[in-house]
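Per full-length UniProt numbering: the sequence shown ends with 239, consecutive numbering throughout. For glycine and all other residues, C-beta sits at the position ideal for the given N, C-alpha and C. From a predicted model like this one, the values you see are computed outputs, not experimental measurements.
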Amino acid sequence: MSMGGPQRVEARAIAAAEGPKPLKPWTILAYDTRRFPFAELLTRDVYNVRNLAALHEYLLAKRRSLGLSERLTHNDNLSVRKMMQDLPDDSPFYQLYRHFMLKVLSPLIGRALSYSSHPKMRIHFPGTDSVSSFHHDIIVTKRIDQINFWMPFTDVDGSATLWLESDYGAGDYAPVPVRYGEVLIFDGGYIGHGSVPNESGVTRISLDMRFSYKGAKTRVEGVDLMNRVITRIEDGKAL
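As structure tokens, then:
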């Protein structure tokens with residue numbers, strides 16, 4: 001899928017201005033879901049369902065029982081997401097998230113990191129529109145030192161997953177398959193990314209945040225961070 005017009009011109013301008021580039025724009029970090037059972041906690045503490053990927057089916061059944069429309073909308077994405085987003089900071093889920101940062105991401109990098117203690121939670125139900133149009137984070141954040149962390153709690157591919165362009169300014173968006181137990185780490189300030197209408201039949205439940213070296217302010221530091229992630233994963237240093 002390609003974008004055109006002013007958006008394509010803007011993407012090329014961003015790519016031209018970004019300066020140094022990392023070894024590649026994205027990589028996948030695998031982790032042990034037995035050690036970090038995020039989906040299990042969401043199932044138990046938030047949604048009380050057996051299968052998170054079929055969360056939409058439970059919601060539709062509830063709507064049928066109430067005589068409501070069986071068409072899910074973006075507002076359903078938001079209202080069901082709020083159930084996760086409103087978990088208290090001391091909940092088992094957020095404690096596990098911080099444990100992951102301490103035991104997996106920080107050791108992988110080997111330097112002090114700055115990251116969100118309360119990341120963004122997302123829901124994308126089948127049959128609903130894109131939850132995020134194609135964009136470059138740098139336009140909003142102005143943070144040239146950050147890279148992105150995207151963790152789904154259901155297996156996602158096709159229209160259920162995140163779409164990235166193949167190279168900076170290319171505008172040729174394609175889906176990146178990511179399984180539960182994997183994290184997509186990418187240069188989201190400068191590589192275009194977003195989502196499309198979910199036609200997959202799978203509910204996507206995910207977490208995302210940005211991170212950087214503590215005290216970082218430059219693009220060179222952001223590129224060094226991305227390269228460190230890439231090389232340490234490829235060298236088998238991920239825990």
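For Gly188, does the count of other Cβ atoms within 10 angstroms reach 16, so buried, or fall short, so exposed?
Mapped onto the sequence shown, residue 188 falls at position 188. By the neighbour-count rule (16 or more Cβ atoms within 10 Å), Gly188 is buried.
Does the beta-carbon distance from Ala39 to Leu52 come in below 8 Å?
Here residue 39 is taken as the residue at index 39 of the sequence shown, counted from 1. Here residue 52 is taken as the residue at index 52 of the sequence shown, counted from 1. Yes, the Cβ-Cβ distance between Ala39 and Leu52 is below 8 Å.
According to DSSP, simplified to helix, strand and coil, what is Ala54?
Here the question's residue 54 lines up with position 54 in the sequence shown. Correct three-state label for Ala54: helix.
Using the rule of at least 16 other Cβ atoms within 10 Å of the residue's Cβ for burial, across every protein chain shown, is residue 260 buried or exposed?
Summary: the structure shown does not reach residue 260, with the chain confined to residues 1 through 239, and so no result is reported for it.
Comparing alpha-carbon positions, which option in Thr128, Arg210, Lys103 lies nearest Lys237?
Position 237 of the sequence shown, counted from the start, is the residue given in the question as residue 237. When each option's Cα is compared against that of Lys237, the closest is Lys103.
CB-CB length for His136 against Tyr190, believed under 8 Å
Walking along the sequence shown from the start, residue 136 turns up at place 136. Walking along the sequence shown from the start, residue 190 turns up at place 190. Yes, His136 and Tyr190 are in contact; Cβ-Cβ is about 6 Å, under 8 Å.
Who are the Cβ neighbours of Leu105 in its own chain at under 6 Å, not counting the five residues just before and after it?
To locate residue 105, count along the sequence shown from 1; it is residue 105. Around Leu105: no qualifying Cβ.
Under DSSP, the alpha helix (DSSP H) around Val140 begins and ends at which residues?
Taking the sequence shown and counting its residues from 1, the one referred to as residue 140 is at position 140. Note, Val140: alpha helix (DSSP H), 138-141.
Using only the alpha-carbon positions, how far apart do Val49 and Thr43 sit?
The residue you call residue 49 lines up with position 49 of the sequence shown. The residue you call residue 43 lines up with position 43 of the sequence shown. Cα to Cα, the separation comes out at about 6 Å.
Any idea what DSSP makes of Leu108, helix, strand or coil?
Position 108 of the sequence shown holds residue 108. Residue state, collapsed to three classes: helix.
Reduced DSSP secondary structure (H/G/I, E/B, other) of Thr27:
The residue labelled residue 27 in the question sits at position 27 within the sequence shown. Residue state, collapsed to three classes: strand.
Based on DSSP bridge pairs, tell me the residues matched to Leu113.
Residue 113 sits at position 113 when you count from the first residue of the sequence shown. BP columns for Leu113 point to Tyr213.
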